[in-house]
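According to mature numbering (1 follows the signal peptide of the UniProt record, and there is no 0), the residues represented by the sequence shown are -17 to -1, 1 to 138, in order.
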Amino acid sequence: MMWAFTVLALVATVALAATRGRAWWDTRQTEQAQTEALAAGRQLAVNFATIDYRKVDQDTGRVKAGATGEFLTSYSQQLEDLKKVIVENKSVSSVERSEAALVDGDRDSATVIVGIIAPTTNTVVPQGEKKTYRTKLGLRRVGEQWKVERLEFVG
């Protein structure tokens, strides 16, 4: 009888450990994905706000490489007009500061808010001005990479 009780206790302990271990692993994987999404969201917003008319193809290519879905389609459709405006206005924008916060996320998707301060010069403001942007990015994991599928400016 004691032997049966010991086996039953051992089976229960192993089952409990397996269940708890799986829950811990799932939580850890989700936390890791959220950390990666937050970092990627910040960088993707910085890429979007960083532009130099002298290397417009390189800068817009970086944005396009970090895009997917709805945002990739929209950005691609407007890209030639955007490049033309950037070059004609001799626009230069770099990011001085960025702050990001995770709104929500799981292992495959996330929403990130990113605030950016970007000194900008162009033909209208040759001495430059600091522009402030606040963007909400919908991110999707594509393979091992986080990409923007929605980008909107928020107040």
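Cβ coordinates follow ideal geometry from the N, Cα and C atoms, glycine included.
For clarity, every value in this text was computed on a predicted model and none was experimentally measured.
Notebook entry, point to check: Do the region 118 to 128 and the region 92 to 109 meet, that is, are 3 or more Cβ pairs less than 8 angstroms apart?
Noted result: yes
Check: How about the region 101 to 113 and the region 7 to 24: do they share at least three Cβ pairs that are nearer than 8 angstroms?
Finding: no
Note to self: Looking only at its chain, what residues have a beta carbon closer than 6 angstroms to the beta carbon of residue 141, apart from the 5 residues adjacent to it on each side?
What the structure shows: Residue 141 lies beyond the residue range present for the chain, which begins at -17 and ends at 138; the question has no answer from this structure.
Item checked: residue 84 classed as buried or exposed, judged by whether at least 16 other C-beta atoms fall within 10 angstroms -> Working through the sequence shown from its first residue, we reach residue 84 at position 101. When all chains shown are included, residue 84 counts as exposed.
Notebook entry, point to check: Span of the beta strand (DSSP E) holding residue 110?
Noted result: By 1-based counting over the sequence shown, the position of residue 110 is 127. Neither: residue 110 is in no beta strand (DSSP E) and is coded neither H nor E.
Check: Between residue 62 and the rest of its own chain, which residues show a CB-CB distance below 7 angstroms, the 5 nearest in sequence each way excluded?
Finding: Counting from 1 along the sequence shown, the entry for residue 62 is found at position 79. For residue 62, where only same-chain residues beyond five positions count, the Cβ hits under 7 angstroms are 43.
Note to self: Just verifying my parser: in three-state terms, what is the DSSP assignment at residue 98?
What the structure shows: Taking the first residue of the sequence shown as 1, we reach residue 98 at position 115. Looking at residue 98 - three-state DSSP - the assignment turns out to be strand.
Checklist line | Terminal residues of the beta strand (DSSP E) in which residue 88 lies | finding: In the sequence shown, residue 88 corresponds to position 105, counting from 1. Note, residue 88: beta strand (DSSP E), 80 to 88.
Margin query: On the DSSP letters alone, give me the boundaries of the beta strand (DSSP E) that residue 63 sits inside.
Written below: Mapped onto the sequence shown, residue 63 falls at position 80. Counting along the chain, residue 63 falls outside any beta strand (DSSP E), though it belongs to the alpha helix (DSSP H) covering 52 to 71.
Notebook entry, point to check: Which stretch, first to last residue, makes up the beta strand (DSSP E) that contains residue 130?
Noted result: Within the sequence shown, numbered from 1, the residue matching residue 130 stands at position 147. Run containing residue 130: 128 to 136, per the beta strand (DSSP E) assignment.
Note to self: Nearest by alpha-carbon distance to residue 116: which of 23, 86, 82, 39 is it?
What the structure shows: As a position in the sequence shown, residue 116 is number 133, starting the count at 1. Of the candidates 23, 86, 82, 39, 82 places its Cα closest to the Cα of residue 116.
Check: Are residue 24 and residue 97 close, meaning C-beta to C-beta below 8 angstroms?
Finding: Taking the sequence shown and counting its residues from 1, the one referred to as residue 24 is at position 41. Taking the sequence shown and counting its residues from 1, the one referred to as residue 97 is at position 114. Yes.
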